[in-house]
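First to last, the sequence lines map onto chains A and B. Numbered by my numbering, the letters in the first sequence go through residues 67 to 224 in order. Numbered by my numbering, the letters in the second sequence go through residues 67 to 224 in order.
There are 2 protein chains.
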Amino acid sequence: MKWDNIQELPCSVARALSIFGDRWTLLILRDCFIGVKRFDKFQKSIGLSRHRLADRLTKLVEHEILRKEPYQEKPLRYEYKLTRKGVDLYPVLMTLAKWGDTWMDGGDGPPLEYTHAKCQHKMTVELCCSECGEEINPKEVIPKVGPGLKAYSSRVKP
Amino acid sequence: MKWDNIQELPCSVARALSIFGDRWTLLILRDCFIGVKRFDKFQKSIGLSRHRLADRLTKLVEHEILRKEPYQEKPLRYEYKLTRKGVDLYPVLMTLAKWGDTWMDGGDGPPLEYTHAKCQHKMTVELCCSECGEEINPKEVIPKVGPGLKAYSSRVKP
DNA sequence: CCACTAGGTTCCATTTTAGAACTAACTTGA
DNA sequence: TCAAGTTAGTTCTAAAATGGAACCTAGTGG
């Protein structure tokens, strides 16, 4: 299976990863959430080659995860901003960061700590049920075939 | 910057991605959560080359995200099981899946739907504050320098 | 005029990957 | 007993992706 075919699988994880399942894209998005907007800033912050960076930014714009907006004319310059679709990736980044904080801190504690403006406490993120609000235990979540998988099956072997 | 150096950055997202920020590893872990345990099942389910699969499984075992356990002797065969560290990746997979369900369903609806055994409702996952339990809005989370970043800075330029 | 900034693009050597074929150590059925 | 099947890999090679340096374009500041 080639990477380019992965987005056709009837799996939301595979489809999401077809866009940012590579070395650098999620680091670019992490930077977006901490306020980085310009080409050179991304490059210095992340340390990837300009070549790759240009490529990834273009891809993110194509997928409408970032939007290019001019911030000056003469010479015309753009900055990259998260769209709604991009902001929606916040839970992915935060759960990744929490896992890294827990398992990869090298004994030094988390690189960043977070405060919740609403309740003013130092916080971490938790995964909760949209219906009862309780914290999720993986064993208590039962996956069932949904409409997307049914539609796919009927197309593949009708 | 080479990929091999990424895990040394003082960033939990980068460190986490140094293990599974590639094309296939998160798909292997997704399969683990739906009960896949054996080499051939992974290969058929995901469609990556046997070569890559062997490589990724070895890496996941080295990082103690999976554990190899014999399920028969003569010939000796192992299966791969999630460790505690691996199970802790559940929120990452579920938030990825939710994003894919929302933005990449191709109009067919989600491939899988989930029921919460505890409350018996069809559910999605939400990101909540560990302290006040309210749903997280990215704008209300304030990151501050933590001990991990301080320790790193004092090592790099003391 | 010269250096500098910002945002790329081009080129090429090195790395990584995909896919097919091969191996090893058994088990099963005819 | 012997061929075929199962499971879990490993080896090989061509093709694709990557990293890094140099170059380009369109300005600004001195």
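The beta-carbon is built from N, C-alpha and C at its ideal position, and this holds for glycine as well.
Pairing B:TYR146 with B:CYS77 gives a Cβ-Cβ distance that is not under 8 Å. With contacts defined as CB atoms closer than 8 Å, B:VAL102 and A:LEU159 fail to qualify as a contacting pair. In the DSSP annotation of this structure, the continuous segment of the beta strand (DSSP E) that includes A:LEU193 starts and ends at 191-195. Counting along the chain, B:GLU128 sits inside no beta strand (DSSP E); it lies in the alpha helix (DSSP H) bounded by residues 116-128.
For B:LEU132, the enclosing beta strand (DSSP E) stretches over residues 132-138.
Per the C-alpha coordinates, the member of A:GLY113, A:PRO204, A:THR168 and A:CYS185 positioned closest to B:TRP69 is A:GLY113. Boundaries of the alpha helix (DSSP H) harbouring B:ARG81: 78-86, taken from the DSSP string. Annotation: A:LYS210 to B:ILE100 spans about 11 Å, alpha carbon to alpha carbon. The DSSP assignment places 156-169 as complete runs of the alpha helix (DSSP H) inside the region 153-193 of chain A, in order along the chain (cut-off: 4 residues).
Chain-order list of chain A residues neighbouring B:VAL211: PRO177, LEU178 and GLU179, by C-beta distance under 9 Å. A:GLU179 places its beta carbon 8 Å or farther from that of B:SER196. GLY113 and LEU114: these are the residues of the region 104-133 of chain B whose beta carbon lies less than 7 Å from some beta carbon of chain A, given in chain order. Segment contact: the region 196-208 of chain A against the region 202-219 of chain B, fewer than three CB-CB distances shorter than 8 Å; contact not assigned.
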